[in-house]
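Colleague: Here this note's numbering is used: the first residue of the sequence shown is 31, the next is one more, and so on.
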Amino acid sequence: MASNGGFDVVTGAFSYSGAAITRQLLAAGRKVRTLTGHPARAPRDSPVEIRALDFGDPAALANSLAGASTLYNTYWVRFARGPVDHPAAVANSRTLFSAAGAAGVRRIVHVSITHPSTSSPYSYFRGKAAVEQALSEAGVPHAILRPAILFGSDGVLINNIAWLLRRLPVFAVGGTGAYRIRPIHVDDLAKLCLEAASSADTYTLDAVGPERPTFRELVCFIKDAVGSRSRLVHAPGALIPAVATVLGWALRDTLLTGDEYRAMADELADTDGPATGQIAVTGWITKNKDTLGRRYANEIERHFR
31 MASNGGFDVV
41 TGAFSYSGAA
51 ITRQLLAAGR
61 KVRTLTGHPA
71 RAPRDSPVEI
81 RALDFGDPAA
91 LANSLAGAST
101 LYNTYWVRFA
111 RGPVDHPAAV
121 ANSRTLFSAA
131 GAAGVRRIVH
141 VSITHPSTSS
151 PYSYFRGKAA
161 VEQALSEAGV
171 PHAILRPAIL
181 FGSDGVLINN
191 IAWLLRRLPV
201 FAVGGTGAYR
211 IRPIHVDDLA
221 KLCLEAASSA
231 DTYTLDAVGP
241 ERPTFRELVC
251 FIKDAVGSRS
261 RLVHAPGALI
271 PAVATVLGWA
281 LRDTLLTGDE
291 YRAMADELAD
301 TDGPATGQIA
311 VTGWITKNKD
321 TLGRRYANEI
331 ERHFR
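Structure (C-alpha cells):
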C-alpha cells in the first residue's frame, strides 16, 4: 500500500521500472507526478503530471517536489554517454535528494543495485554506493531496494538474449557460465517499492526473485523455450566484451559493457538471502515464449535518440 495524502513523484515514469511503479500507484488511486529528462516524449493522454528533471535548476526541482508524499527514485545511467557518466549521475542524484529535502518530501524510495561498494572495481557499483551514501546524508527518511537483474514487461536483457538465439547460429557464453543471477520481475520490484513507501522505517532490502539459475542455465532455458537451433559455445571471458561491442556496432546499440559482463561473472547479480519477489523467471519465459525475442529492444533508441 502506498503512502497517504498528497501525491507521489516518480523519476522516469515512462521508462522501465519507473513505469511499473507508476502503474501500481495509479491502480491504487494515487496522483502521480513525474520528473523526466524527456518531457516531450510523454503520452498526451497520460494521467501523470509532467515536470522536467533538470539537475541544472535545483530550485525548479524543489518546486516540482513540493507537496509530494513520496519520491520514488529510479534515476541512473547504465553506461557513460556524452557528458553524463557515473560520477555525473552521482552528482545529479545528490542534487535531487537535496531538492527533496528542501521541498519537505516525507520519504524517498530509491532503486539501487545488489552489492554496491565504494571499493568496487566497477564504476557502476561504486557510483551506486556513492548514491546510497548521498541519500543517507540527505536527512530524509528512506528505503533502498537493491535489484540484481530485472525482467518482465518490455525488459531488455532476456528479450535480447532470445532475439540473438533466434537469429545467430552460435551463442557465446563467457567462461563456464556457472555464475548465478537472481532476476526479479519488474512488477515485484514495484510492489516492494510501494510497500517501502508505507513503512516508517529506514532500511535496505535486496529485491530478488525466487530462482537463482546460472547464466548458462538461463540461456539454455530461453533457447529451449523459443525453439532456437543456435549452438551454445563457451568462450574465454576476456573475449565477450569484444564480441558484444561488434554486435553493438551492427545493432547501433550498447549490447553489453565490459564491466557488466565482468560484474556478472563475479556473481554481483546474485545473493544468498531469501527471495523478496514471487514471480519465477522460468515461468515468465515459458508464458511469453511465443513473443519473446521477436523484436530487438534497443537501449540507446529508447533513451537517447
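C-beta atoms are modelled at their ideal positions from N, C-alpha and C, and glycine is treated no differently.
#1: Whole angstroms are fine: how far does the CA of R259 sit from the CA of G86?
#2: Would you mind giving the Cβ-Cβ distance between D236 and T321, rounded to the nearest angstrom? I have them listed as a contact below 8 Å.
#3: Report the partner residues of T244 according to the DSSP bridge assignment.
#4: Excluding sequence positions up to five away, which residues of its chain have a Cβ less than 6 Å from the Cβ of P240?
#5: Suppose the cutoff is 7 Å on Cβ atoms and the five residues either side in sequence are ignored; what does the same chain contact list for Y326 look like?
#6: Measure the Cβ-Cβ separation of P146 and K158 and say whether it is below 8 Å.
#7: Grab me the residues of T244's own chain with a C-beta within less than 7 Å of its C-beta, minus the 5 sequence neighbours each way, in chain order.
#8: Go through its chain and collect everything with a Cβ distance to A293's Cβ below 6 Å, but skip five positions before and after it.
#9: Is D184 helix, strand or coil when you go by DSSP?
#10: Grab me the residues of V107's own chain with a C-beta within less than 6 Å of its C-beta, minus the 5 sequence neighbours each way, in chain order.
#11: Could you name the residues that DSSP lists as bridge partners for H264?
#12: Nearest-angstrom Cα distance between E290 and D296?
#13: What does DSSP give as the partner residue(s) for H145 in the beta ladder?
#14: Does DSSP put L195 in a helix, in a strand, or in coil?
#15: Going by Cα to Cα distance, which pick from S149, H172, G42 is closest to A160?
#16: Ignore the nearest five residues each way along the sequence and tell me which others in A132's own chain have a CB closer than 6 Å to its CB.
#17: State the CB to CB distance for the pair A50 and A220, rounded to an integer number of angstroms; the pair is presumed to be in contact (CB under 8 Å).
#18: P117: buried (16+ other C-beta within 10 angstroms of its C-beta) or exposed?
#19: Looking at the unbroken alpha helix (DSSP H) that takes in E290, where does it start and where does it end?
#20: Would you say the region 67-86 touches the region 40-55, given that touching needs at least three Cβ pairs under 8 Å?
#21: Report the partner residues of T41 according to the DSSP bridge assignment.
#22: For E162, which residues in the same chain have their Cβ closer than 7 Å to its Cβ, ignoring the five residues on either side in sequence?
Modeller: Based on what the coordinates show:
#1: On the sequence shown, position 56 is the one that residue 86 refers to. On the sequence shown, position 229 is the one that residue 259 refers to. Rounded to the nearest angstrom, the two C-alpha atoms are 50 Å apart.
#2: Within the sequence shown, residue 236 is the residue found at index 206, counting from 1. Within the sequence shown, residue 321 is the residue found at index 291, counting from 1. Between the beta-carbon of D236 and that of T321 there is about 30 Å, and that puts the pair past the 8 Å contact cut.
#3: If you number the sequence shown from 1, residue 244 lands on position 214. Per DSSP, the beta-bridge partners of T244 are R210.
#4: Position 210 of the sequence shown, counted from the start, is the residue given in the question as residue 240. Within the same chain, P240 has close Cβ partners A305, A310.
#5: Residue mapping note: residue 326 aligns to position 296 of the sequence shown, counting from 1. Closer than 7 Å at Cβ, skipping near neighbours: N190, W193, L281.
#6: Numbered from 1 along the sequence shown, position 116 holds the residue referred to as residue 146. Numbered from 1 along the sequence shown, position 128 holds the residue referred to as residue 158. Result yes, Cβ atoms of P146 and K158 sit closer than 8 Å.
#7: As a first step, residue 244 is located in the sequence shown; it is residue number 214 there, counting from the start. Excluding positions up to five away in sequence, the list reads G207, A208, Y209, R210.
#8: Within the sequence shown, the letter at position 263 stands for residue 293. Shown here for A293: same chain residues with a beta carbon closer than 6 Å to its own, the five before and five after excluded, namely Y152 in chain order.
#9: For this step, residue 184 is matched to residue 154 along the sequence shown. For D184, the three-state secondary structure derived from DSSP is coil.
#10: To locate residue 107, count along the sequence shown from 1; it is residue 77. The beta carbon of V107 sits closer than 6 Å to those of V114, A119, all from its chain and outside the five residues before and after it, given in chain order.
#11: As a working mapping, residue 264 is identified with position 234 in the sequence shown. Under DSSP, H264 forms a beta bridge with V203.
#12: In the sequence shown, residue 290 corresponds to position 260, counting from 1. In the sequence shown, residue 296 corresponds to position 266, counting from 1. Taking the Cα positions, E290 is about 10 Å away from D296.
#13: The residue labelled residue 145 in the question sits at position 115 within the sequence shown. Bridge pairing for H145: absent [DSSP].
#14: Sequence index remark: in the sequence shown, residue 195 carries index 165 (1-based). Here L195 sits in helix by DSSP.
#15: Here residue 160 is taken as the residue at index 130 of the sequence shown, counted from 1. Nearest of S149, H172, G42 to A160, Cα basis: S149.
#16: Residue numbering aside, residue 132 sits at position 102 when the sequence shown is read from its first letter. Around A132: A92.
#17: Taking the sequence shown and counting its residues from 1, the one referred to as residue 50 is at position 20. Taking the sequence shown and counting its residues from 1, the one referred to as residue 220 is at position 190. 4 Å between Cβ atoms; contact.
#18: Reading the sequence shown from its first residue, position 87 is the one you call residue 117. Taking every protein chain shown into account, the CB of P117 has fewer than 16 other CB atoms within 10 angstroms, so this residue is exposed.
#19: Counting from 1 along the sequence shown, the entry for residue 290 is found at position 260. First-last of the alpha helix (DSSP H) with E290: 288-295.
#20: Output reads yes: the region 40-55 touches the region 67-86.
#21: For the purposes of this step, residue 41 is taken as the residue at position 11 of the sequence shown. Per DSSP, L65.
#22: By one-based count along the sequence shown, residue 162 stands at place 132. The residues are S142, P146, I174.
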